[in-house]
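For the working numbering, count along the sequence shown from 1 and bump the result up by 47.
Single-structure report; data block below.
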Amino acid sequence: MSSITSQPSNFDTTINVTRHQIVIVGGGAGGITVAAQLLRKNSSLDIAIIEPSDKHYYQPAWTLVAGGVYNIEDTIKDEKDCIPAGVNWIKAYADKFEPENNLVITKDGQRINYQYLVVCPGIQIDWHLIEGLKDAIGKNGVT
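Okay, here's the thing in structure tokens:
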């Protein structure tokens, strides 16, 4: 982690830009785990997670819900309670990447500069993309 301490030449120095050493796009299991592991190695790192949701859905447990081992309610937590202490939460949608400028631009126009970027936005469930599935869920054994 000692290589993260120096500021690279392409680290944006313009006004109205938020700067962080490490920016993680996605506050799901992947993003939370990366942030926690990095902080364990170096607690002085400046880390931000860009995540729009107030709720954290622990999707790795969903197969256990289907198997009757877990209750669905146990897989849902408040996002603020999942983000490791010391990590900055930017509650916004990542909309655009400018890797040549080390920038992430959010849907609401925030410009976030980084030295290192981790992209793990997770999945977007769109049942309607499979014709007939939305109406079939809960019927005839479709779960």
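The beta carbon of each residue, even a glycine, is placed where N, CA and C say it ideally should be.
Quick caveat, the model's predicted, so the values are computed rather than measured.
Residue i classed as buried or exposed, judged by whether at least 16 other C-beta atoms fall within 10 angstroms
i	result
Val-97	Reading off the sequence, residue 97 comes out as Ile, not Val. So Ile-97 ends up on the buried side.
Asn-149	buried
His-103	buried
Ile-177	exposed
Glu-126	buried
Ala-132	exposed
Ile-175	A quick correction: the sequence has His, not Ile, at residue 175. Exposed.
Ile-137	buried
Under 7 Å between C-beta atoms of residue i and residue j
i	j	result
Asp-142	Ile-152	yes
Asn-135	Ala-95	yes
Leu-164	Val-70	yes
Opening and closing residue of the alpha helix (DSSP H) in which residue i lies
i	result
Leu-176	Looking at the DSSP string, Leu-176 is not in any alpha helix (DSSP H), and its letter there is neither H nor E.
Thr-80	76-88
Val-112	109-113
Glu-145	First-last for Glu-145: 141-145, but that is the beta strand (DSSP E), not the alpha helix (DSSP H).
Lys-127	126-129
Residue-chain proximity (residue i, chain D), Cβ-Cβ < 7 Å
i	result
Tyr-105	This model lacks chain D altogether; it includes just one protein chain.
Segment limits, beta strand (DSSP E) that includes residue i
i	result
Val-165	158-166
Lys-102	102-104
Identity of the residues DSSP links to residue i by a beta bridge
i	result
Thr-153	Ala-141
Ile-69	Ile-94 and Tyr-163
Ile-123	Tyr-104
Asn-135	Ala-95
- request: Pair every Cβ in the segment 155-169 with every Cβ in the segment 116-131, then say whether three or more of these pairs are closer than 8 Å.
  value: no
Three-pair Cβ contact test at 8 Å for the segment 167-174 versus the segment 65-84: yes
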